[in-house]
Every structure is written in C-alpha cells, then in structure tokens.
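Reading through the structure tokens given below for one structure.
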Amino acid sequence: MLRGKMKILGVRIIDHRLWAMGRHLLSSIFYCLLSICIFCFISSSAQAKVNCLKCHPQVRNQLSRGNVHKPLRKRNCTICHSTHASDQPHLLVKPTKELCLSCHKKAFKVKYPHMPVMEGDCDKCHAPHASPYTALLKKQEREICFDCHQKEKIFLGKKLHNPVKKCLSCHKAHGSNYPGLLNKPLKGLCFTCHQKTKIIVQHKGSALKGNFCLSCHNAHSSKKSHLLRTYAHSPYAKGQCQSCHLMQGKKVGKVKSDNRLLCLTCHPQVENADHFIYSHIQLTPGSNVCLDCHTPHLSDIKPSLKGSPKQICFSCHRDTKNRLLSNSPGFKYKHPEAKKGNCLVCHQGHGSNKLFLLKEGGINTCTSCHKRHARFTHPIGEKAIDPRCKTKMDCVTCHHPMGAKDIYNIIFDHREELCIQCHKIST
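The sequence shown lines up with residues 1 to 427 when you count with full-length UniProt numbering.
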C-alpha cells in the first residue's frame, strides 16, 4: 500500500485514510445535490398547477367564468405568485404594476396615463384570475367607470350623448396621447360621427373646428336639446355675435382680436390682475389667455368656466394633479379642500401679490380657517428663520396641503423626523 504524498487531480492526499474520507465527502455532496434536484422537481410549476387549486377552491371555481387569465388557464400560478414567501400582498412575486407590466407592456407608454394605471392599481378595474366580462373587467364597461367618476357630474340632464353608453367610444381605458384620455385629437373626434358639412350649415356657414365643439356642447349630457350647456355668455345669449366677431353679412367671421384686449373691453376689472406680482393673465402674451380657462359661448359652470376649477387647474399643474390623486404613502394625507378640488378657496384665479397666488399669504390663508393655530403654534413669521434655507418659516415649512406622508399634512414623521430637520442632535 502506498504511503506518503500523492497528487490526484491537483489535490495532495497524505495517505489512504484521507483519500477514503474525501471520497465519502464527495459522495455525501452528490446525494445532497440529488435530493435538492428532486425537491425542486416536485415543487416545480408543473406540480404547483395541482397544489394551488387543491387548497384554493375559490380560485378553481373561477375557471368556469367566461374569461380566464391566461396564466391561470394554463395553471401557471407561479408566474405571478411565489410558492413560499413574498414582500407583496397575496404572495405576488413583484408589485402589481411591475407584475402586469412584465406582460402588458404597451399600457403604460402614453403621454396621459389613466391614474389607476399610473399608480399600478390594475386590480381596481380588472379581476386577476377570471371574469364574466371582457378584458377581465370586474363589472360591465360602463359601470366600472362610475366607481371613480361620479354619475352626477357626468349626467347633468336627461339629454344624453349616445356614446355615453359606451365610454370607450371616445376614451381609452389605460391612457392616451391626447388630453382627457381621448382616442383621437378633439378637433377630429366629433367629426368621426357628425358630418362636418351639416354642422357648418347648422352654424350659419361658420368654418368650425372640432376643438370648439365643447365650447357650447357638453360631451356627455345636458338639460337642453343638442347637448347645449347651461349658462350663456351675455353677448351670445343676446345674439350679439358682432361684439366679438367680424361679421360678413349674417355670416359670423373671425374674432376681432386674438389677445385678451377683446375680453377686457367688457371686463375692465380683470385688467387689475396685470398689476399683481403674480399674474395668471400674463402667462401667454400675444394670445387670449382668458380662453385658457373661460369659454366665450356656453358653460355649465359660472363664470363661463371651461370646466370645474379642479379640471382647469390640473390641465396645467400636472405635478399637483399627480400628487393629489396619488395613493402613494408619501402623499397619503391631503388637505380636505385640495382633495375636493376647491382650489379657489385658498388661491386667486387671476392674480395675487402673494406667492402661489394665495388670497392672503401663506400664514393668513391658513389661519383664516385654522384660527387656533393663529394663537398657538410653532414660531413662524419674520422672527422665525428656517436654518436650512434662511427664509422665514410659515405653515408650509412643515405642512404640504397637496399631499404629505404624515397626519395633518406634515411633510416628515412628526414624532422625530420633522424636528431634527432643523434641530440637529449632537452626539
């Protein structure tokens, strides 16, 4: 029997006893790996197809519904769920948005995403396993929209626009490259159904553009015939088209002026907004900025607004819109008036000498409602300087009315995190 040192496959073996021990160790490792492979095989997705439905009869019962999600139909539960543990609800392998996006890639690549899509709340509208409705919807198409969109704001009267029976006639469900989630540009959408030549005749020969239709007509419903809006701009109501337009006999021509001077002829008080430090009406010099918010003909909201203040403000302030509508924990708490979209409770519409177009400045605007905090609060005002930016502290130093992570719209956790932003703790 050989004794001494031997070299086998690059490993030095001192004697036969070490060789026997090594062979025994390799054998143990082999059988261990074999056991792991067998375990993985019996725990594979093929086995999970049977095991999942065995313990989840409520899911098995959904297989008889009209539309079944493809992974469930193929019993591939592990595409979406982990078999052992997960940081996500329902043992999902990823957050809902990421999980859906891994297969449904096109739904998110749009300029204007639907808010539930942007937030990853796919299961707000869709059932994850099966549904009797198309596209795995939880309800019929028309009904599911009203889970979020209030019926009383859609159905203003008994006169209904026929496409209202099917929202997706005009809108896209996940998102669109056009405002309002429209499936076409507004200027051409109306003429998809309404013949342009007939419309021109009905409007006394005016060469109308599709994007002006909503200036007079409600897209969904109305109390009046032809879906006309409720409140009329005074010259329009009196038939005095010549107040704003050049007339060619009885035919209505172009407007007399393309800038805001046209409106200031009758509304001189608005010109005072030019003298404010912060002014909305100076935003687009050379064009009629009034028409960004107001309609010159008919409106459902006084004073001749194109939509609710919330809709109008959101059309420009998209960061505020995303914050207020977000379900993110960082924006969990919102000021009640901001959440309702009552922007004009705190802000001036045309202009203000106060930052953010506030009516009375940061502190006075807040304390007009929160009177207790006008008498008792953390030091604020000229004598309280924020050490971080060297400016005077006010309510929004600690609170964010449009959305914050902590109770009372506090930007940071109020128990410690908020205080140490300024009051540094030395160790």
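Note that CB positions come from ideal geometry on N, CA and C, so glycine has one too. What you are looking at is a predicted structure, and each value in this text was computed from that prediction instead of being measured.
Distance from residue 142 to residue 159 at the Cβ level is roughly 18 Å; contact not present, criterion being Cβ atoms closer than 8 Å. If you compare the alpha carbons of 384, 247 and 337 with that of residue 393, the shortest gap goes to 384. If the five residues before and after residue 359 are omitted, its C-beta is found closer than 6 Å to the C-beta atoms of 348 and 365, all from its own chain and listed in chain order. When the beta-carbon positions are compared, residue 172 and residue 148 stay at least 9 Å from each other. For residue 109, the closest of 178, 261, 70 and 230 by C-alpha to C-alpha distance is 178. DSSP places residue 223 outside both helix and strand once states are collapsed to three, so it counts as coil. Only residues of its own chain outside the window of five on either side were considered, and among them 80, 81, 86 and 99 have a CB closer than 7 Å to the CB of residue 92, listed in chain order.
For a cut-off of 8 Å, the C-beta gap from residue 222 to residue 156 is around 6 Å, short enough to register as a contact. Looking at the DSSP output, residue 333 sits in a beta bridge with 404. Distances from the CA of residue 352 to each of 168, 187, 278 and 265 were compared; the closest alpha carbon is that of 278. Short of 6 Å from the beta carbon of residue 68, and not among the five residues preceding or following it, lie these beta carbons of its own chain, in chain order: 130. Counting along the chain, residue 373 sits inside the alpha helix (DSSP H) bounded by residues 372-375. Contact between residue 95 and residue 120 holds, since their C-beta atoms are separated by about 6 Å, short of 8 Å. In this chain, the beta strand (DSSP E) harbouring residue 384 covers 381-385. Residue 262 holds the alpha-carbon nearest to the alpha-carbon of residue 286 among 262, 275, 298 and 273. One alpha carbon belongs to residue 242, the other to residue 276, and they sit about 32 Å apart.
In this structure, DSSP gives residue 116 a helical state, which the three-state scheme calls helix. In the pairwise beta carbon analysis, the region 318-328 is classified as touching the region 400-413: at least three pairs are separated by under 8 Å. Nearest Cα to residue 162 within the set 140, 183 and 190: 190. Pairing residue 343 with residue 313 gives a Cβ-Cβ distance under 9 Å. In this chain, the beta strand (DSSP E) harbouring residue 246 covers 245-248. For residue 253, the enclosing beta strand (DSSP E) begins and ends at 251-255.
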